[in-house]
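These notes are about the structure you will find just below.
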Amino acid sequence: MRGFGFAEHGGLDRLAFVEIADPLPTAGEVRLRMRAAAFNHLDRFTLEGIPGVPVERPHVLGSDGSGIVDQIGEGVSGLRPGDRVLINPALWDGTCEFCRAGEEALCRNFRIVGEHTQGTAAPFLVVPRRNVHPLPDAWSFAQGAAAPLVFQTAWRALTTIGHVSQGERVAIVGAGGGATTAAVQVAKLRGARVVVASRNRTKEERARALGADDFVAFDDEHPLDRVLWQWSEKRGVDVIFDSVGAPTVARSLKAIGRAGRVIVIGATAGPTVEIDLRTLFWRQASIRGSTMANAREFEEVLGHLAAGRLTPVIDSEHPFERAADGFRRLEAPDLFGKVVVTGIP
Ligand SMILES: [Zn+2]
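By this note's numbering, the letter at position 337 of the sequence shown is numbered 568, and the numbering carries on one by one without gaps.
Listed below in structure tokens is the structure:
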């Protein structure tokens, strides 16, 4: 089959349509006829090559996807060919001590569809039965592809890891990426007062439309820590959700309140920061990392999505043949939401 990805690691010029074997489901697995796939910044790192993560090449990109059940492996129940479904891109072994404790996101063999395996931007995808969930009736395939990775990430980060509670002050750093559009909604659902902090003032209206109570712009003259400190009326922010990385995390920590939590879910703009430990102990603050979600957390957030309490945000849809145009939008300054590929042949 012909998928969208790359034959050799590198930059955007390596994006290509590639030929890989049609996958077949073994026991406990399901094959989907893909209808939509969505990209994440993770795909960009996979394209470039992540140290220590060997990738089968040619490689198909895409962690998020939705489609129709096509073939069912031995022992699979509760699904029929033709069912409309979406996938959870988190892969776990189910046998290590973390999985046995229901902490699949900490699995010793944790993997992600499209990063460690062939991805969703191709006609067929095989995943374990437990990764297949019904597509909510009212949803398009594009919506089904836009939700899974970023909403599970935002959910675990702000609930299990960040313990966001009613009335707390929550700052979402960055506006427009899929994870931040999910995080604004999850923080509001938890009853927080939410500010979006972005370098790009043009995103204010859309951030507020998602439910953000406030919006602050920052730049070199008005650094992130100062605008957040002012926003918090000099009390400090309770929870800061940061997916930007090096340029913002040290600043985020300066704006944290007493017993506050800086939650790091990515490092798109760089991995290494210098922090002032005095802030950390004096305010008894913490920096926590979070990635993806447990199976139970995925079910929880999918329930809120299916009930309409959370909504996937789509930046743009691109036909399969123009998938590279969509992929390039991940870098666009005006990106707002998920980049989705539809019309997979
Ligand atoms: Zn495990």
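We treat Cβ as the ideally placed atom computed from N, Cα and C, and that holds for glycine.
Could you give the C-beta distance for residue i and residue j, rounded to a whole number, given that I count them as a contact under 8 Å?
i, j, result
"residue 520", "residue 489", "Residue 520 to residue 489, Cβ: 21 Å. No contact."
"residue 505", "residue 481", "6 Å"
"residue 299", "residue 266", "6 Å"
"residue 301", "residue 285", "Contact flag wrong, Cβ pair sits at about 28 Å."
"residue 517", "residue 492", "5 Å"
"residue 555", "residue 246", "5 Å"
"residue 477", "residue 503", "6 Å"
"residue 242", "residue 292", "Not really, about 14 Å apart at Cβ, beyond 8 Å."
"residue 376", "residue 459", "Not quite, the Cβ-Cβ distance comes to about 33 Å (not below 8 Å), so this is no contact."
Look at residue i and residue j and say whether their C-beta atoms are less than 8 Å apart.
i, j, result
"residue 573", "residue 543", "no"
"residue 471", "residue 483", "yes"
"residue 348", "residue 317", "no"
"residue 272", "residue 237", "no"
"residue 560", "residue 546", "yes"
"residue 536", "residue 378", "yes"
"residue 434", "residue 406", "yes"
"residue 424", "residue 439", "no"
"residue 356", "residue 404", "no"
"residue 362", "residue 564", "no"
"residue 240", "residue 287", "no"
"residue 248", "residue 233", "yes"
"residue 541", "residue 415", "no"
"residue 569", "residue 269", "yes"
"residue 340", "residue 324", "yes"
"residue 353", "residue 276", "no"
Excluding the 5 residues preceding and the 5 following residue i in the sequence, name in chain order all residues of the same chain whose CB lies nearer than 6 Å to its CB.
i, result
"residue 360", "259, 261 and 307"
"residue 343", "294 and 320"
"residue 448", "432"
"residue 372", "266, 267 and 297"
"residue 413", "381, 382 and 385"
"residue 501", "476 and 477"
"residue 557", "549, 570 and 572"
"residue 422", "397"
Can you tell me whether residue i is buried or exposed, with buried defined as 16 or more other CB within 10 angstroms of its CB?
i, result
"residue 254", "buried"
"residue 395", "buried"
"residue 346", "buried"
"residue 225", "Because residue 225 is not part of the residues shown, which for the chain are 232 to 576, the question remains open."
"residue 370", "buried"
"residue 390", "buried"
"residue 393", "buried"
"residue 461", "exposed"
"residue 186", "Any property of residue 186 remains undetermined from this structure, which presents the chain solely from 232 to 576."
"residue 512", "exposed"
"residue 508", "exposed"
"residue 388", "buried"
Output needed for residue i: all residues of its chain with C-beta closer than 7 Å, excluding positions within five of it in sequence on either side, in chain order.
i, result
"residue 443", "415, 425, 426 and 427"
"residue 533", "364"
"residue 450", "430"
Considering only residues of the same chain and omitting the five flanking positions on each side of residue i, which have a CB-CB separation below 8 Å?
i, result
"residue 252", "232"
"residue 514", "467, 487, 488, 489, 490 and 491"
"residue 420", "535, 540 and 541"
Assess, as a yes-or-no matter, whether the segment 379-399 is touched by the segment 494-501 under the definition of 3 or more beta carbon pairs within less than 8 Å. yes
Give a yes or no on contact between the segment 329-342 and the segment 519-537, applying the rule of three or more CB pairs nearer than 8 Å. yes
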